[in-house]
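Chains as they are written, first to last, in our numbering: chain A, 1 to 420; chain B, 1001 to 1150.
Following this line, the structure appears as structure tokens:
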């Protein structure tokens, strides 16, 4: 009996509409931010799925960090090698746009925060479910942004593998995002049309403050701040996708600033030889051998043997899932398809690549027949006119056009051609 | 009693169907997300929303309200403090691991890049933001702000 509504008792604190004073809040402000997020998050989701496909997870278990994906990998396709800057573009957009959307997301959440405290907690069954869905929406959005932003700074404090958390987290978030878009986007677009016609915004008693404080900034001014903050984040991050002076503009972003070292090998390194556990003794002319296995058996090659084979050039970037990339580097070495032919694969075949490295998720990787067939896919021995440096994979490394950086295995010791 | 306690209403059936469809998709992905340290993953997922809504947002809103109180409504210079503070705070929030130096050792070992200077550069940017805002304020000088409308 005490649970019936008590008309005499007024809600207090944030549960009282009077608590919320900002004159900025209202349907127009929320609608503008919502429409920006609708476009931005759609691009983030699509480029994220594209990045997932770029690893060719269906090719081999070593490429698949989420083997339980079920139908969530329904759209996978064999990743192309053209254009060679494809992954550099899609992943650069994914990370840089994600950073740029941080202020938009924060502003959007700020604009709707009074709704969190709306009473009664639920007006109907549907309303109750909608509020539960918002936990998935807000929690999911923040989870995705936080794991992504931590991962690019190598701060691995999240509870599990980044690949699995960020991939499944994306789908949980997207499930809630879809419902939110279906339920809210029509009103958002309606509001924007109204405002464009010069009409007043649609009232929303949960959003608009009943007794607003005097304004200290116009709504346009506040949107300007949000947009300016986005621009600031993008302007101080985008440079990490271009070598040379432009990289210096990425002043706070990882892989911004000056290139590492000097000379031909002075371009970005994902994992140093030291960190990967490469023992210098294993990479000398005397000790290092490349083992190539295929249909006709196994051959073991020294670095001199490889240098005696026909050498080819390819200008290719290194593009990391973390969103940074290098400009094209001048690689030189033996074509993967020539190595395949050496062991009896005249038709292109898949290849399983193994590295000398002792540590690292990607010390093994698989490349598709299509990637092997591309004439620019090399087992590179030199870059920019000099031998590879230890950090860039000396004695030999794979470079494949358009593939994610970690599939360009360094310190290669074994290539196994054939059906994987 | 029966008339005082109306039956719970269903609400829009269309909304209901959309939400149920969404929950099914979320659950399909969610069981895969939680396959592992499910408790910590849940804490991170839900905790992100709680920390944002009940800690971060109240903190910056309180700071903003304090700013408005101390400036006693002289709106002309509220925004000259608010804008650089917001931009600087945002950069700190996003790049906290690098600026605070908590990943310096790993960053240097993994990338062969220097991890020094993130904090210094953030401070310089912050100085530039506040300095720029001060210059702008001085240039706007005696110009009076028109009555706070809009």
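For every residue, glycine included, the Cβ atom is placed at its ideal position computed from N, Cα and C.
Note that the structure is a prediction, hence the values are computed from the model and not measured.
Return the CA-CA distance between residue i and residue j, expressed in angstroms with no decimal places.
i              : j              : result
residue 1102/B : residue 139/A  : 25 Å
residue 14/A   : residue 212/A  : 14 Å
residue 16/A   : residue 10/A   : 7 Å
residue 1016/B : residue 256/A  : 47 Å
residue 125/A  : residue 207/A  : 22 Å
residue 1091/B : residue 268/A  : 23 Å
residue 221/A  : residue 185/A  : 24 Å
residue 20/A   : residue 34/A   : 20 Å
residue 118/A  : residue 1010/B : 18 Å
residue 290/A  : residue 141/A  : 46 Å
residue 424/A  : residue 1057/B : As displayed, chain A neither begins before 1 nor continues past 420, which places residue 424/A out of reach and without an answer.
residue 332/A  : residue 58/A   : 30 Å
residue 238/A  : residue 194/A  : 36 Å
residue 409/A  : residue 1076/B : 58 Å
residue 148/A  : residue 110/A  : 21 Å
residue 1131/B : residue 1079/B : 14 Å
residue 76/A   : residue 50/A   : 9 Å
residue 406/A  : residue 320/A  : 7 Å
residue 301/A  : residue 292/A  : 8 Å
residue 1147/B : residue 1129/B : Residue placement at residue 1147/B cannot be trusted, given a pLDDT of 44 that sits under 50; what the coordinates show is reported in the next sentence. Roughly 26 Å separates the two Cα atoms.
residue 196/A  : residue 38/A   : 19 Å
Taking the alpha carbon of residue i as the point to measure from, which residue in the options has its own alpha carbon closest?
i              : options                       : result
residue 338/A  : 375/A, 214/A, 397/A and 386/A : 375/A
residue 285/A  : 78/A, 303/A, 163/A and 263/A  : 303/A
residue 159/A  : 1021/B, 1039/B and 1019/B     : 1039/B
residue 309/A  : 335/A, 193/A, 368/A and 362/A : 335/A
residue 297/A  : 340/A, 262/A and 313/A        : 340/A
residue 1013/B : 295/A, 200/A and 183/A        : 183/A
residue 294/A  : 416/A, 204/A and 164/A        : 416/A
residue 23/A   : 270/A, 190/A and 210/A        : 210/A
residue 60/A   : 381/A, 368/A, 412/A and 384/A : 368/A
residue 157/A  : 1037/B, 1018/B and 1022/B     : 1037/B
residue 28/A   : 108/A, 98/A and 18/A          : 108/A
residue 73/A   : 87/A, 48/A and 97/A           : 48/A
residue 381/A  : 346/A, 329/A and 352/A        : 329/A
residue 395/A  : 288/A, 318/A, 358/A and 344/A : 288/A
residue 1031/B : 95/A, 68/A, 146/A and 104/A   : 68/A
Note down, in chain order, each residue of its chain lying with its Cβ closer than 8 Å to the Cβ of residue i, except the 5 sequence neighbours on either side.
i             : result
residue 254/A : 152, 153, 154, 240, 322 and 324
residue 251/A : 236 and 257
residue 81/A  : 370, 371, 374, 376, 377, 400, 401, 402 and 403
residue 123/A : none
Can you look up residue i in the DSSP assignment and give me helix, strand or coil?
i              : result
residue 329/A  : strand
residue 42/A   : helix
residue 313/A  : strand
residue 354/A  : strand
residue 380/A  : strand
residue 164/A  : helix
residue 1111/B : helix
residue 122/A  : coil
residue 1048/B : helix
residue 94/A   : helix
residue 74/A   : coil
residue 364/A  : strand
residue 1016/B : helix
residue 417/A  : strand
residue 284/A  : coil
residue 323/A  : coil
residue 301/A  : strand
Enumerate in chain order the residues of its own chain whose CB-to-CB distance from residue i is below 6 Å, with the five nearest sequence positions on each side excluded.
i             : result
residue 84/A  : 316, 401 and 402
residue 349/A : 340, 369, 417 and 418
Excluding five sequence neighbours on each side, which residues of the same chain lie with their C-beta closer than 7 Å to the C-beta of residue i?
i              : result
residue 62/A   : 364, 365 and 366
residue 174/A  : 45
residue 167/A  : 52 and 66
residue 1108/B : 1114 and 1115
Please determine if the region 1083–1094 of chain B and the region 218–233 of chain A are in contact, where contact requires at least 3 C-beta pairs separated by less than 8 Å. yes
Flag this pair as touching only if the region 168–183 of chain A and the region 1022–1041 of chain B have three or more C-beta atom pairs under 8 Å; answer yes or no. yes
Counting beta carbon pairs with one atom in the region 378–397 of chain A and one in the region 260–274 of chain A, are three or more of them shorter than 8 Å? yes
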